[in-house]
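Here is the structure we will look at, set down as structure tokens.
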Amino acid sequence: MSYIVLARKYRPQSFKEVYAQDHITEILQSAISTNRIAHAYLFTGPRGVGKTSLARILAKSLNCVNGPTITPCNSCSNCAEITAGTSPDVIEIDGASNTSVDDIRELQHELLYPASGSKYKIYIIDEVHMLSKNAFNALLKTLEEPPDNVIFIFATTEPQKVLPTIISRCQRYDFKRIPIDSIVQRLQEISLMEGITIDTESLYLIARKADGGMRDALSLMDQAISYCMNNITIDKVRQIFSVIPNQIYHNFLTLIYEKNAQTLINELHQIFEQGIDLQEFISGMQDFIRILLLRKLQVQIKDINQDEQVMFDELAKLFGQNKLMYILSYLIACKTDLKTSSNPYLILEALMIKLCKLDEMEDIAKIIEKLNYGSITQTQPISNISSAQSQPVQSKDSTKESAVKIPDAISKEETTVVKLQFTQDNLEQLWQRILTRAKKISQMCAIALESTTSKKAEGKKLCLTVEGNTFYNCLKTNLEALESSISELFEKPVKISLHLQETEPPTKVNIQHTTLEDIKQENPEIDKFVKLTDSVLVKTL
Amino acid sequence: MINKIKGQEDALKLLRKAIENERISQAYLFYGSDGVGKFTTALYFGMAVNCMATNELKPCGHCDSCHKFLQLEHPDFVYIFPTPNLNLSPEGEIKNSDALKMFQKYIENKVNTPWADFFFKDTIEIRKESITMLSKHFELSIHEARYRIVIVEDADMMTIATANAFLKTLEEPPERTIIILITERIQKLLPTILSRTQPIYFRPLTRSVIEEILTTEFEISAPIARTASRISAGNLKTAIRVASDSVSLSRNWAFEIFALAATKDDLGYLGLAKAYKDQQKKDQVIDLLKYIRIIASDLGALNANFEAEITNIDKIDDLKAMVENKSGIDDRLYDFLLFLEDLNRKIEGNVNLNLVMTNLYLNCKHLLNS
Chain A
355 MSYIVLARKY RPQSFKEVYA QDHITEILQS AISTNRIAHA YLFTGPRGVG KTSLARILAK
415 SLNCVNGPTI TPCNSCSNCA EITAGTSPDV IEIDGASNTS VDDIRELQHE LLYPASGSKY
475 KIYIIDEVHM LSKNAFNALL KTLEEPPDNV IFIFATTEPQ KVLPTIISRC QRYDFKRIPI
535 DSIVQRLQEI SLMEGITIDT ESLYLIARKA DGGMRDALSL MDQAISYCMN NITIDKVRQI
595 FSVIPNQIYH NFLTLIYEKN AQTLINELHQ IFEQGIDLQE FISGMQDFIR ILLLRKLQVQ
655 IKDINQDEQV MFDELAKLFG QNKLMYILSY LIACKTDLKT SSNPYLILEA LMIKLCKLDE
715 MEDIAKIIEK LNYGSITQTQ PISNISSAQS QPVQSKDSTK ESAVKIPDAI SKEETTVVKL
775 QFTQDNLEQL WQRILTRAKK ISQMCAIALE STTSKKAEGK KLCLTVEGNT FYNCLKTNLE
835 ALESSISELF EKPVKISLHL QETEPPTKVN IQHTTLEDIK QENPEIDKFV KLTDSVLVKT
895 L
Chain B
14 MINKIKGQED ALKLLRKAIE NERISQAYLF YGSDGVGKFT TALYFGMAVN CMATNELKPC
74 GHCDSCHKFL QLEHPDFVYI FPTPNLNLSP EGEIKNSDAL KMFQKYIENK VNTPWADFFF
134 KDTIEIRKES ITMLSKHFEL SIHEARYRIV IVEDADMMTI ATANAFLKTL EEPPERTIII
194 LITERIQKLL PTILSRTQPI YFRPLTRSVI EEILTTEFEI SAPIARTASR ISAGNLKTAI
254 RVASDSVSLS RNWAFEIFAL AATKDDLGYL GLAKAYKDQQ KKDQVIDLLK YIRIIASDLG
314 ALNANFEAEI TNIDKIDDLK AMVENKSGID DRLYDFLLFL EDLNRKIEGN VNLNLVMTNL
374 YLNCKHLLNS
């Protein structure tokens, strides 16, 4: 007898062995004990969470000699046959191989015969999402009103591919991903049964890597056992799954903190030499920084054990939250670059150098803050920023709405600004801000204002000369709004007087054709030449 | 024989331990980039569990079983790979006669020159009929082997229907059966497939390993082997292809471009562009870029007096002449390398190759002359 993998050997054989799906097993158990058994079930959920296993357990509970019972005996002939997959009354169909309407018709013919040796005739259709649309439709009538004592159990990972008409005829049960704790618990039980010692760190590593699938976990466990036999230690497990120890990431981040680019690159080359998958390296680093960030926010994480926590906390102190976010965003960008690059090593080297120089790139929040302090002297950048803020809010047709939202942004900035006298100099200085304000009234208005040919401050009046009727009209319609918004900037209210500059009609241009005579007059030499050779002007330019 | 596989110590150790501890899994997934020995390892693993030799070093490569495996003719060995439509019957008979010839050629190529890629003319994928054939095969008992071996190459080329049809078989194959899936693109496989297998990672070969294989197995001279190992990025297939072009056209091309750029001979470049007009194809320009990249990094190494790091040892005098009295190359080099990366991406996006070449020349000129 050859070796059987753990995932098959320890396939759950009773309800209580199905882990972390209590919400389903409880309902099914009570349904069985109260004898309210539906004729069609649909089990959905990600890979390796127990859909097929539960389908078989359900079949056993119903067809067991003592059945229907919530504790199938697993020893009677019916149970044994179901476990071995040879029961004549529990038919397991691979939905992905038998997808056509003909397969369904065949099934329907078989339905005519009652169960041979047990109470129910049970059809388990696995990977049911692969059935063709026609096959599904052929099944509909049968599924709605099947013959007595026929039960269908469908299992699939992709319920969205199953027709809604099918789903509505079934009792649907959504399986959940299995949490890390439950996987660890199950692995521990199995290691006891197999007589294997394994440390908790390895268990957690395997459980994390399994990503919510019990079968994944057992496959990985299998691999670990086949490598180490009876004594599994974290070092060996890391080696098998080529997991990069946290210590290496710790080194990397310390070097980034110290801005030691040279050593960093050397470390990186060692990683290259070890032939570690670079994608894996980057995602490992992302995970590491995620934990750092969470630790910084004082979040308790189950992923790491107590010993490492101190290391993370110390490292977290070195970096600001923003910096960690930056590093993280660079890593994410780098990961996509890696996929397309023909020279991934180069990309990583460039990334590391960039991370070392991170401090030279200043924090945007700080830059804005600085600008705010110096706002009286540097009015221009502020108005740029406020315009940048307002742009995303502004929508094409609802200028009113945006006008309502923006004032508080402006007032925040401008509380520090002293209102200025309305003079020509101040006008020039504040012109950019006036434009920004105009933009909030309407985009067109700002353009019109920008293209004024002259602007003068005369007493309380702002004299604008506009070229072109369109701009003139635009300003005229928005005159009041403009006046009030400009007035806010100055000590006293400002009136605007508009002048339309008459554009001159295009002047007529006389196009002169040069004649032979002209040329002759221009240059006596040519005159001579023409006379001598009797030349004629062929074409004038 | 197993020692012939180099640079995959971890994977081999894992498999050897599995045999020693008698815990051979029913399904493995070998993943890693192309040309690092996945198929060879899979085949040797299959041979090792079936080898009839009495000594420890399995597979022996001489016994009856090993011989049949090496010829890919063992009755208990199923080899599935992406093919054009073979019109395969469930019994494994190929009804499409054209495809049959191609199929035979593919097998022949795989047996004799496994490092060369064989390209089918039509679009290829792993079809559902192959899996149907496999399931039929599994219903029969094993002929003579200890373990029935199934190798599915380029498993990511399975259509969605194929992959789904494979799931049940993969989860519960008959006893004494080993299914080995091979893929370069693990992320393209269904999670339901991944969860049913034991994944084993094959790392890219290091430069020294490739150099060693090229010089000992293929009797290639050291400088060429060295260049080939740098270009290949851990892929032995590429390395062999590069090294076996006795006079590497792309390499000369790259050097000529650099020579002209160094002397600012624009007119000469136009002549060169004309001479290499036929070579100006997408794949070859990408090849060229690889060489340019290596030359550029050589220049950088020379500039920093790292003579040991230099790849193009035979051309060292030319390189030295280029670097001499040119200050600031190392500053520009970084930008140049990024430029090459960008160019590579653009070529993949089908831009005008004439413009690419001119751009490349001008940038080379800028690199060499401040």
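Protein sequences, first through last, are from chains A and B. In terms of our numbering, the first sequence opens at residue 355 and continues consecutively. In terms of our numbering, the second sequence opens at residue 14 and continues consecutively. For each residue, glycine too, the CB sits at the ideal point set by N, CA and C. Fair warning: this is a prediction, and the values are worked out from it, not measured in the lab.
Go to residue i, then tell me how far its alpha helix (DSSP H) extends in each direction, as first and last residue.
i                : result
Lys793 (chain A) : 778-795
His80 (chain B)  : 77-83
Ser841 (chain A) : 833-841
Ser148 (chain B) : 141-152
Ala176 (chain B) : 173-184
Ala286 (chain B) : 279-288
Sorted by chain position, which residues of the same chain lie with C-beta nearer than 8 angstroms to residue i's C-beta, five sequence neighbours on each side aside?
i                : result
Asn122 (chain B) : Ala129, Phe131
Ile521 (chain A) : Leu396, Pro513
How is residue i classed by DSSP in three states: helix, strand or coil?
i                : result
Ala212 (chain B) : Here residue 212 (chain B) turns out to be Pro, not Ala, going by the sequence shown. Residue state, collapsed to three classes: strand.
Phe508 (chain A) : strand
Cys430 (chain A) : coil
Val890 (chain A) : coil
Asn367 (chain B) : helix
Asp881 (chain A) : helix
Phe844 (chain A) : strand
Ile552 (chain A) : strand
Thr673 (chain A) : The sequence as given places Phe at residue 673 (chain A); Thr does not occur at that position. Looking at Phe673 (chain A) - three-state DSSP - the assignment turns out to be coil, as it is neither helix nor strand.
Phe90 (chain B)  : strand
Tyr373 (chain A) : coil
Gln815 (chain A) : The amino acid occupying residue 815 (chain A) in the given sequence is Lys; Gln does not appear at that position. In this structure, Lys815 (chain A) counts as strand in the three-state DSSP scheme.
Closest to residue i by CA distance: which of the options is it?
i                : options                                : result
Lys141 (chain B) : B:Lys149, B:Asp135, B:Ala252           : B:Lys149
Val336 (chain B) : B:Phe116, B:Phe179, B:Gly105, B:Ala274 : B:Ala274
Ser683 (chain A) : A:Gln663, A:Leu712, A:Glu703, A:Pro698 : A:Leu712
Ile192 (chain B) : B:Leu42, B:Asn16, B:Thr67, B:Lys181    : B:Leu42
Phe58 (chain B)  : B:Ser78, B:Gly45, B:Asp47              : B:Ser78
Glu9 (chain B)   : B:Asn365, B:Tyr289, B:Asn248, B:Phe151 : A query on residue 9 (chain B) cannot be resolved here, the shown segment of chain B reaching from 14 to 383 and no further.
Phe673 (chain A) : A:His604, A:Met547, A:Lys693           : A:His604
Ile965 (chain A) : A:Ile479, A:Leu541, A:Lys720, A:Leu412 : Nothing can be reported for residue 965 (chain A): it is not among the residues displayed for chain A, which extend from 355 to 895.
Thr496 (chain A) : A:His463, A:Val516, A:Gln525           : A:His463
Leu702 (chain A) : A:His377, A:Glu621, A:Lys650           : A:Glu621
Phe268 (chain B) : B:Asn100, B:Cys377, B:Met115, B:Asn125 : B:Cys377
Glu35 (chain B)  : B:Ile15, B:Arg189, B:Glu361            : B:Arg189
Ser46 (chain B)  : B:Ile199, B:Ala178, B:Ala24            : B:Ile199
Ile445 (chain A) : A:Thr819, A:Thr406, A:Asp456           : A:Thr406
Gly813 (chain A) : A:Val848, A:Ile579, A:Ile544, A:Met706 : A:Val848
Leu360 (chain A) : A:Gly402, A:Leu416, A:Val482           : A:Gly402
Met575 (chain A) : A:Gln601, A:Glu548, A:Pro599           : A:Glu548
Ile602 (chain A) : A:Asn420, A:Ile588, A:Gln624           : A:Gln624
Tyr477 (chain A) : A:Glu460, A:Pro468, A:Asp443           : A:Asp443
Ser596 (chain A) : B:Pro204, B:Ala61, B:Pro212            : B:Pro212
Would you kindly report the start and end of the unbroken beta strand (DSSP E) that includes residue i?
i                : result
Ser384 (chain A) : Looking at the DSSP string, Ser384 (chain A) is not in any beta strand (DSSP E); the run it does join, the alpha helix (DSSP H), is 376-387.
Leu852 (chain A) : 849-855
Arg161 (chain B) : 161-165
Leu42 (chain B)  : 40-44
Ile478 (chain A) : 475-480
Ile193 (chain B) : 190-196
Ordered along the chain, which non-local residues of its own chain (more than five positions away) have a Cβ less than 7 angstroms from that of residue i?
i                : result
Thr733 (chain A) : Caution is warranted here: a pLDDT of 45 is assigned to Thr733 (chain A), below 50, making its placement in the model unreliable, and the coordinate value is therefore given only provisionally. So the list reads Gln783, Leu784, Gln786, Arg787, once near-sequence residues are dropped.
Looking only at its chain, what residues have a beta carbon closer than 6 angstroms to the beta carbon of residue i, apart from the 5 residues adjacent to it on each side?
i                : result
Phe119 (chain B) : In the sequence as presented, Phe is not what sits at residue 119 (chain B); that position holds Tyr. Here the set comprises Phe131.
Asp691 (chain A) : Ile701
Leu28 (chain B)  : Phe58
Output needed in chain order: residues of the segment 566-585 of chain A with a Cβ under 7 angstroms from some Cβ in chain B. The segment 566-585 of chain A vs chain B, Cβ under 7 angstroms: Gly567, Arg569, Asp570, Ser573, Asp576, Gln577, Ile579, Ser580, Tyr581, Met583.
Which residues, in chain order, does the segment 34-59 of chain B contribute to contact with chain A at a C-beta distance below 7 angstroms? The residues in question are Asn34, Glu35, Arg36, Ile37, Ser38, Gln39.
Identify each residue in the segment 587-620 of chain A for which the Cβ-Cβ distance to at least one residue of chain B is less than 9 angstroms, and report them in chain order. Those residues of the segment 587-620 of chain A that come within reach of chain B (Cβ to Cβ, closer than 9 angstroms) are Gln593, Ile594, Phe595, Ser596.
Output needed in chain order: residues of the segment 171-191 of chain B with a Cβ under 7 angstroms from some Cβ in chain A. For the segment 171-191 of chain B, which is checked against every Cβ of chain A, the residues closer than 7 angstroms are Ala174, Asn177, Ala178, Leu180, Lys181, Glu185, Glu188, Arg189.
Closer than 7 angstroms, Cβ to Cβ, to anything on chain B: give me those residues from the segment 446-471 of chain A, in chain order. Taking 7 angstroms as the cut-off between beta carbons, the residues of the segment 446-471 of chain A near chain B are Asp448, Ala450, Ser451, in sequence order.
Below 7 angstroms between beta carbons is the criterion; list the residues of the segment 478-504 of chain A that meet it against any residue of chain B, in chain order. Per Cβ criterion, the list reads Asp480, Glu481, Met484.
Which residues, in order along the segment 630-643 of chain A, keep a beta-carbon less than 8 angstroms from a beta-carbon of chain B? If you check each beta-carbon in the segment 630-643 of chain A against every beta-carbon of chain B, the ones closer than 8 angstroms belong to Ile630, Asp631.
Name the residues in the segment 382-406 of chain A whose C-beta lies less than 9 angstroms from a C-beta of chain B; which are they? The residues in question are Pro400, Arg401, Gly402, Thr406.
Please identify, using Cβ separations under 8 angstroms, the residues of the segment 232-248 of chain B that lie next to chain A, in order along the chain. Of all residues in the segment 232-248 of chain B, those with a C-beta nearer than 8 angstroms to a C-beta of chain A are Ala246, Gly247, reading in chain order.
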